[in-house]
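In the working numbering, the protein residues as written are 1 to 363.
First the structure, in the form of structure tokens, and then the observations on it.
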Amino acid sequence: MQLLHVGMPSARVRQLTSSAWRWVITLLISSRVGPLFKGLFLRFLNAQIPAGLPLRKCLHRAFSFGGSPKKYPDFAAKLLVTFGGLLFTDGSFPLPHHAGCRLLMRRYESIERRKGGEMMIKAVIFDFGGTVLDTETPRYQSFLEAYRQQGAELDWSLYAQCIGTGFQDFNPYEDLLGRMKLPVQLNAFRDAIRSRCAELTEQEQLRPGVMDALVRAKAMGLKIGLVSSLPRREIDPYLQKWGIAPYFDCIRTADDATRLAPDPELYQQAVRMLGVNPRQAAAIEDSPAGAEAAMLAGMYTVVVPNATTAGMKFGHCHARLDSLDQLELPELLDRVQGAKAMVYEPAVFWNRVLPIEHEAEVG
């Protein structure tokens, strides 16, 4: 049918052609000539797809009989994946090893994983402060107010060093008291700022998409972890308030670590407690320090910045979203586990979902 059709196939022709091919191939591979047909199919592919040919052209050349190469690739790719899925159900589809076919190979492997009910990613670990609940913006606002009340300005470049981590590189309490030489006790001053921060945080809601992601992760049978550079006493009230504590199979906080982000210690503890390999886990982060910690732990890393961290420069990560409600969790994990790490510049990638591309290898 496809051979006799001239020009672009209609939707009906494409549907009938695909169904016919699936029926024919199923009969062939279930017969004694199955191995012979596999061999002929691979010889055809290798003859028709030279190693240096781009994906669009190689698909058109291998499967189109007339028509425009600009419109054929989607249909041709579906046919190729269909053939591969039927012929090589053990995942041994030996396509030529050039960039275009490697992209298609990842798509084929993803389809096979879904077909077999296998999910490479077995755990999702959420950062708490700034990711599950935006505590970063209230904390920054609290310090900003405290500085201005004393006639000083908070240097953003300095404050950014303590976002997503502790005060080891920059301590805003000591900076303000040291510069202004205020006649107050450090503990009393710290308590006043913490009280204001808690007041502002109480007005925050769970970040968009977080609850749905937790529900979907639990329904998918994934293990769920939570990490935080905050002490446990500061996050427990919010876990109880929003009723999300039961979703987490493990919780690791600043109380459990000797080093905080960008050191990977908390994430390393979390994957050990969840019983998974780091390459089987995805981290959801909001800050450059947290994302670096997850990458150093060897995990897939998704960045979801908040209002305070959105303009910061992130290092390597696998995807960046404006919020978790932009992609369903299964789709996000499927995209991430086939991706290589990229560097995301806020000036270029601001305020949109990014495509997954090959840009940088991270060990």
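For each residue, glycine too, the CB sits at the ideal point set by N, CA and C.
Between the C-alpha atoms of residue 168 and residue 209, what's the straight-line distance to the nearest angstrom? As a working note, residue 168 is residue 168 in the sequence shown. As a working note, residue 209 is residue 209 in the sequence shown. So the two alpha carbons sit approximately 32 angstroms from each other.
Give the straight-line distance between the Cα atoms of residue 144 and residue 120, rounded to the nearest whole angstrom. For the purposes of this step, residue 144 is identified with residue 144 of the sequence shown, where counting begins at 1. For the purposes of this step, residue 120 is identified with residue 120 of the sequence shown, where counting begins at 1. C-alpha separation (whole angstroms): 43 angstroms.
Restricting to Cα atoms, I'd like to know which of 238, 151 and 301 is closest to residue 207. Here residue 207 corresponds to residue number 207 of the sequence shown, with the count starting at 1. Residue 238 is the option with its Cα nearest to residue 207.
Contact between the region 293-303 and the region 317-337 (3+ Cβ pairs under 8 angstroms): yes
Outcome for residue 223 when other beta-carbon atoms lying within 10 angstroms are tallied against a minimum of 16: Mapped onto the sequence shown, residue 223 falls at position 223. By the neighbour-count rule (16 or more Cβ atoms within 10 Å), residue 223 is buried.
Rounded to the nearest angstrom, what separates residue 280 and residue 334 at their Cα positions? Working through the sequence shown from its first residue, we reach residue 280 at position 280. Working through the sequence shown from its first residue, we reach residue 334 at position 334. Approximately 12 angstroms between the Cα atoms of the pair.
Roughly how many whole angstroms lie between the Cα atoms of residue 308 and residue 174? Along the sequence shown, read from residue 1 onward, the residue named residue 308 stands at position 308. Along the sequence shown, read from residue 1 onward, the residue named residue 174 stands at position 174. Cα to Cα, residue 308 sits roughly 22 angstroms from residue 174.
Could you give the residue range of the beta strand (DSSP E) that holds residue 281? Stepping through the sequence shown from its first residue, residue 281 is reached at position 281. Note, residue 281: beta strand (DSSP E), 281-285.
Between the alpha carbons of residue 257 and residue 338, how many angstroms are there, rounded? Within the sequence shown, the letter at position 257 stands for residue 257. Within the sequence shown, the letter at position 338 stands for residue 338. Cα to Cα, residue 257 sits roughly 31 angstroms from residue 338.
Is residue 256 near the ligand NAP, with its Cβ less than 8 angstroms from a heavy atom? With respect to small molecules bound, the structure shown includes none, and the ligand NAP cannot be examined in it.
In chain order, which continuous runs of the beta strand (DSSP E) of length 3 or greater are located wholly inside the region 140-201? none
Determine the direct distance from the alpha carbon of residue 217 to that of residue 9, and round the result to whole angstroms. What you label residue 9 is simply residue 9 of the sequence shown in a count that begins at 1. What you label residue 217 is simply residue 217 of the sequence shown in a count that begins at 1. Note on residue 9: pLDDT 47, under 50, position unreliable in the model; the coordinate value appears next. Using only the alpha carbons, I get a separation of about 40 angstroms.
Let me know the alpha helix (DSSP H) ranges lying completely inside the region 280-342, each 4 residues or longer, listed in chain order. 288-296 and 329-336
Apart from the five residues on each side of it in sequence, which residues of its chain come closer than 7 angstroms, Cβ to Cβ, to residue 197? Counting from one through the sequence shown, the residue named residue 197 turns up at place 197. So the qualifying residues of the chain are 138, 139 and 142.
Between the region 150-170 and the region 250-264, do at least 3 Cβ pairs fall closer than 8 angstroms? yes
Cutting at 6 angstroms between CB atoms, please list the residues of its own chain near residue 356, excluding the five before and the five after it. Within the sequence shown, residue 356 is the residue found at index 356, counting from 1. For residue 356, the pLDDT reaches just 32, beneath the cut-off of 50, and the residue's location in the model is therefore unreliable, leaving the point undetermined.
Can you list, in chain order, the residues of its chain whose CB lies under 7 angstroms from that of residue 129, leaving out five sequence neighbours each side? On the sequence shown, position 129 is the one that residue 129 refers to. Correct list, in chain order: 135, 136, 228, 229 and 230.
Hey, would you say residue 180 sits closer than 9 angstroms to residue 203, going by beta carbons? In the sequence shown, the residue the question calls residue 180 occupies position 180. In the sequence shown, the residue the question calls residue 203 occupies position 203. Against a cut-off of 9 angstroms, the Cβ pair of residue 203 and residue 180 comes out as no contact.
Nearest-angstrom Cα distance between residue 250 and residue 152? Along the sequence shown, read from residue 1 onward, the residue named residue 250 stands at position 250. Along the sequence shown, read from residue 1 onward, the residue named residue 152 stands at position 152. Approximately 41 angstroms between the Cα atoms of the pair.
Between the CA atoms of residue 127 and residue 182 - distance to the nearest angstrom: Indexing the sequence shown from 1 puts residue 182 at position 182. Indexing the sequence shown from 1 puts residue 127 at position 127. One C-alpha to the other measures close to 35 angstroms.
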